[in-house]
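Start counting the sequence shown at 135; every next residue gets the next number (the working numbering).
Following: one structure in structure tokens, then a few remarks.
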Amino acid sequence: AKHLADDNQEALRVVYQQAMERKMETDIVKQAQVVVEREQVIAQTYSNIEQATKRNDLALLQKALQTSIQLGLSDKHIDAANQLREVLQAQEDEIAKVVAAASVLEKKIISSGELKEPDVGSLQTTLDAAKSSGKIAAELLEGGPLARKEIVNAEESVRKGVQQLVVQKELR
């Protein structure tokens with residue numbers, strides 16, 4: 135009870151661990167458990183924010199921000215994470231447009247019909263617009279250190295489409 139009252143987190147963690155080793159299940163141990171686990175969840179939340187920021191990972195960032203709301207956390211790190219979430223959401227919206235256009239082209243490539251230049255051009259235009267929007271970080275583009283598979287796959291679809299157009303032309 136002493137460490138609960140004086141707010142010494144490290145001492146509380148040690149005493150709580152000793153209580154767990156002795157399989158103690160008193161009310162005071164349960165109170166200590168809540169405090170210790172809350173501190174662990176807070177630490178994990180900040181770690182998740184840091185990792186999500188490094189990897190531009192919207193899903194992990196949203197999970198961490200949801201936890202921060204549940205814990206009632208509010209500081210400059212949470213504010214920065216909220217701002218980053220807006221940026222990453224815009225990025226994901228651009229990537230979703232590329233994925234949709236790539237899906238259309240892929241279906242046309244494997245279909246029995248003839249592929250046309252505008253089919254390939256549509257995806258290329260969407261890719262170019264996404265790249266020039268400034269909403270997708272350069273490191274996520276093809277060749278970047280964190281290249282997103284969706285972007286790489288779309289670039290490959292353009293290359294396959296161009297190759298197919300060349301073959302179709304040669305067969306005429």
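We treat Cβ as the ideally placed atom computed from N, Cα and C, and that holds for glycine.
These figures come from a predicted structure and were not determined experimentally.
When the options are compared against residue i, the one with the closest alpha-carbon
| i | options | result |
| --- | --- | --- |
| N182 | V301, E171 and L199 | L199 |
| A186 | L218, E276, R156 and Q165 | L218 |
| I176 | G295, S237, L205 and V221 | L205 |
| E290 | A264, V301, A263 and V254 | V254 |
| Q302 | A234, A264, M158 and S246 | S246 |
| N216 | A236, S237 and N190 | N190 |
| A235 | I285, E173 and M158 | I285 |
| E220 | L275, L192 and S237 | L192 |
| S256 | V292, V168, Q174 and G277 | V292 |
Helix, strand or coil at residue i [DSSP, three-state]
| i | result |
| --- | --- |
| D191 | coil |
| I183 | helix |
| E276 | coil |
| L207 | coil |
| L249 | coil |
| E240 | helix |
| G268 | coil |
| T260 | helix |
| E173 | helix |
| E220 | helix |
| T201 | helix |
For residue j and residue i, the rounded distance between their alpha carbons
| i | j | result |
| --- | --- | --- |
| Q143 | Q152 | 14 Å |
| E81 | A214 | Outside the modelled stretch of the chain, which goes from 135 to 306, sits residue 81, for which no answer is possible. |
| M154 | Y180 | 26 Å |
| V149 | L194 | 32 Å |
| E304 | Q298 | 10 Å |
| R306 | K250 | 14 Å |
| Q223 | K164 | 39 Å |
| K242 | P252 | 11 Å |
| L239 | S202 | 41 Å |
| S208 | L280 | 30 Å |
| V260 | L146 | The amino acid at residue 260 is misidentified as Val; the sequence shows Thr. Distance between the alpha carbons of T260 and L146: 56 Å. |
| V232 | A263 | 9 Å |
| K188 | Q178 | 15 Å |
Span of the alpha helix (DSSP H), counted from its first residue to its last, around residue i
| i | result |
| --- | --- |
| E144 | Q143 to E155 |
| R293 | K283 to L305 |
Distance cut-off 8 Å: residue i Cβ against heavy atoms of the ligand NAD
| i | result |
| --- | --- |
| L275 | Ligands are entirely absent from the displayed structure, and the ligand NAD is therefore not among its contents. |
Review point. Is it true that the region 265-280 meets the region 218-230, where meeting means three or more beta-carbon pairs spaced less than 8 Å apart?
Key: yes
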